[in-house]
Each structure stands twice: as structure tokens, then as C-alpha cells.
Amino acid sequence: VISQFTLLGDARKGRRPSFTVAARPEKAIPMYEKFITDMKRKNIKTQAGEFGAEMKVELINDGPVTILLDSKKVF
Numbered sequence: 309v310i311s312q313f314t315l316l317g318d319a320r321k322g323r324r325p326s327f328t329v330a331a332r333p334e335k336a337i338p339m340y341e342k343f344i345t346d347m348k349r350k351n352i353k354t355q356a357g358e359f360g361a362e363m364k365v366e367l368i369n370d371g372p373v374t375i376l377l378d379s380k381k382v383f
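Next comes the structure, spelled out in C-alpha cells:
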């Protein structure tokens, strides 16, 4: 599990995304930790990164595709 506030970036205006709607650490850290705890309680093999740390992450995408799952704003 890797914390990633950049998933909530709003890039509709200008050339740089805004992260103003991302949760502050005092709210986000307990949510992150609860998610990890819940996964482990369900016996789902889980490893966690350090919240807010800069990390090098490798992944393989099956795509390319980007799907907007939820938004309160019209795009």
C-alpha cells in the first residue's frame, strides 16, 4: 500500500495540478493506517510504504487506460 496524494490532482486549470482537495496528513494518516489494518484483518497479504515518503516504485500497467472513478465536478 502506497500513499499517493497525486491521485487527487486537479489539472483542469493551468499547467500544474492542484492538490488542494487532498486530505491533510492529520486526517489522511489514520485513514491510510486503517486501510492497512483492515486488509491484514481480512488476511490479505499486505505490505506498506511509509506515509508521505519519497519512494521509487515499479509497476506494470495493463493498458494504457485512465478511468475517472468518481467526481463531484463536471469535466
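Residues in the sequence shown are numbered from 309 upward in steps of one, following this note's numbering. All residues carry an ideal CB built from backbone N, CA and C; glycine is no exception.
Residues bridged to residue i [DSSP beta-bridge criterion]
| i | result |
| --- | --- |
| S311 | Paired residue(s): none; S311 is not in a bridge. |
| D318 | S326 |
Residue i, buried or exposed, once every other Cβ within 10 Å from all chains shown has been counted against 16
| i | result |
| --- | --- |
| S311 | buried |
Sub-9 Å separation of residue i and residue j beta-carbons
| i | j | result |
| --- | --- | --- |
| F343 | V309 | yes |
Check your understanding: Would the stretch 331–341 and the stretch 350–360 be scored as touching if the rule is three or more Cβ pairs under 8 Å?
Key -> By the Cβ criterion, the stretch 331–341 is in contact with the stretch 350–360, since at least three pairs of Cβ atoms, one from each stretch, lie closer than 8 Å.
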